[in-house]
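Novice:
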Ligand code: SF4
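Numbering (the working numbering), first residue to last: 858 to 1016.
1) Does the stretch 989–1000 come close enough to the stretch 897–916 to have 3 or more Cβ pairs within less than 8 Å?
2) For residue 953, does the three-state DSSP call read helix, strand or coil?
3) DSSP three-state call for residue 910: helix, strand or coil?
4) What residues match up with residue 894 in a beta bridge as DSSP calls it?
5) In angstroms, rounded to a whole number, what distance separates the CA positions of residue 925 and residue 894?
6) Rounding to the nearest angstrom, what Cα-Cα distance links residue 942 and residue 949 in this structure?
7) Quick check on this structure: which residue in 983, 982 and 967 has the alpha carbon closest to the alpha carbon of residue 976?
8) Any chance the CB of residue 975 is under 7 Å from a heavy atom of the ligand SF4?
9) Quick check: does the Cβ of residue 968 come within less than 7 Å of any heavy atom belonging to the ligand SF4?
10) So residue 944 and residue 1004 are in contact, right, with Cβ under 8 Å, and what is the actual spacing, rounded?
11) Kindly indicate the opening and closing residues of the alpha helix (DSSP H) around residue 1001.
12) Tell whether a beta-carbon distance below 8 Å holds between residue 979 and residue 900.
13) Mapping the DSSP letters down to three states, classify residue 948 as helix, strand or coil.
If you want it as structure tokens, here you go:
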């Protein structure tokens, strides 16, 4: 299966670096989610494992996503202060409505590197986060659980 490569402009990574990849959760569901994987460190391996083991995530979405599809950015791994503007740029390039899942301890709070001079103390310092998935690393199943939680809350609507 060919994977969709998403060009969201990541000059800090250079031309040859892989950009975020887009997946689809629950094809055919009234609220299927177009999921962008922004993998920054080891938690990204668990995201990759989820795409290979969780059938709901097997479909690779088109780029750009179909109109009306809900966009979700999954930040997996350690956000550094150097990378933070690029992470913010990826978010700003996504069409609205857009949501963010923080996947793993590093994205949630800096994780084991929370006291490093160069690590951002959680991606919520630079983006609005809708769901936090705990773990170092979280299991692949936890990614789908986090996405389903977001899906449920979106279906429920504002309280
Ligand atoms: S939370 Fe743990 S597994 Fe995930 S990126 Fe940080 S150190 Fe790696």
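Backbone N, C-alpha and C define an ideal beta-carbon position, used for all residues, glycine too.
Specialist: Reading it off the structure:
1) yes
2) Reading the chain shown from its first residue, position 96 is the one you call residue 953. In this structure, residue 953 counts as coil in the three-state DSSP scheme.
3) Locating residue 910 in the chain shown gives position 53, counting from the first residue. Reduced to three states, the DSSP call for residue 910 is helix.
4) As a working note, residue 894 is residue 37 in the chain shown. DSSP, once it has assigned bridges, lists 878 and 931 as partnering residue 894.
5) Residue numbering aside, residue 925 sits at position 68 when the chain shown is read from its first letter. Residue numbering aside, residue 894 sits at position 37 when the chain shown is read from its first letter. Cα to Cα, residue 925 sits roughly 19 Å from residue 894.
6) Position 85 of the chain shown, counted from the start, is the residue given in the question as residue 942. Position 92 of the chain shown, counted from the start, is the residue given in the question as residue 949. Straight-line Cα distance between these residues: approximately 10 Å.
7) Here residue 976 refers to the residue found at position 119 when the chain shown is read from its first residue. The shortest Cα separation from residue 976 among 983, 982 and 967 belongs to 967.
8) Counting from one through the chain shown, the residue named residue 975 turns up at place 118. Residue 975: no, Cβ never under 7 Å from the ligand SF4.
9) Along the chain shown, read from residue 1 onward, the residue named residue 968 stands at position 111. Answer for residue 968: yes, Cβ within range of the ligand SF4.
10) Taking the first residue of the chain shown as 1, we reach residue 944 at position 87. Taking the first residue of the chain shown as 1, we reach residue 1004 at position 147. Residue 944 to residue 1004, Cβ: 19 Å. No contact.
11) Counting from 1 along the chain shown, the entry for residue 1001 is found at position 144. That run of the alpha helix (DSSP H) goes 997–1013.
12) Looking up residue 979 in the chain shown gives position 122. Looking up residue 900 in the chain shown gives position 43. Contact: no.
13) Start at 1 with the first residue of the chain shown, and residue 948 comes out as number 91. In the structure shown, residue 948 sits in a helix (DSSP, three-state: H, G or I).
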